[in-house]
Amino acid sequence: MMLLHRTGHALETELTARLAEIGLTPRARCVLSGALDAGLTQSEIAETISIDKTTMVVTMDALESAGFAERKPSATDRRARVVVVTELGREIVQKADQVVADIYESVLGSLPDDERDGLVSGLTRLLEGRLSTPVPCEKPPRKRALRHAVG
């Protein structure tokens, strides 16, 4: 578990640093990626990427200030706001996707093919199988909003 934790931390740190170079955070990338052509509300995106409502509001405030996204009234629920990615936001998502692809290629490319395939396959099987349902826990560790950023 410690190896997975340390590996994940190193990857998350590199991703954070590289996305910062283009003016984005991993969380903001997740929100923008989740909003692309989806017609989802802030709450729906927050649930999809596992962040709380307060964090979503702060993230959306930053995305709006940067011109990457807008909140528009929902056609079906006057209390809800749909997240719409602007053209500038689409451009930054493309840049961010390239950053992520470059990091993954570099990291996974440092392994021989059979080890790379085995690692990715094994982790995928664990997340889709044995680890797919979190164990009930009174104070679970904080989730990271990287569902769209990793994998």
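Note that UniProt numbering gives residue 110 to position 110 of the sequence shown, counting from 1, and the numbers run on in steps of one. We put the beta carbon where it would ideally sit given N, CA and C, even for glycine. Note that this is a predicted model, so its numbers are computed, not measured.
Residue i in three-state terms, based on DSSP
{"i": "Lys139", "result": "coil"}
{"i": "Ser132", "result": "coil"}
{"i": "Leu111", "result": "coil"}
{"i": "Met1", "result": "coil"}
Residues sharing a beta bridge with residue i, DSSP
{"i": "Cys95", "result": "Just to set this straight, residue 95 is Lys in the shown sequence, not Cys. The partner list for Lys95 (beta bridge, DSSP) is empty, contrary to what the question assumes."}
{"i": "Pro26", "result": "Answer is none; Pro26 lacks a bridge partner."}
Presumed contact (8 Å Cβ cut-off) between residue i and residue j, rounded CB distance
{"i": "Ala69", "j": "Ala35", "result": "6 Å"}
{"i": "Leu40", "j": "Val99", "result": "With a Cβ gap of about 23 Å, Leu40 and Val99 do not count as contacting."}
{"i": "Met56", "j": "Ala46", "result": "4 Å"}
{"i": "Leu11", "j": "Val120", "result": "Wrong, their Cβ atoms sit about 13 Å apart, outside the cutoff."}
Practice prompt. Flag this pair as touching only if the segment 86-94 and the segment 24-33 have three or more C-beta atom pairs under 8 Å; answer yes or no.
Written response: yes
Discussion item. Which complete alpha helix (DSSP H) runs does the segment 12-88 hold, if anything under 4 residues is left out?
Written reply: 26-35, 42-49 and 53-66
Worksheet item: For the segment 99-113 against the segment 3-21, are there 3 or more C-beta pairs whose distance is under 8 Å?
Response: yes
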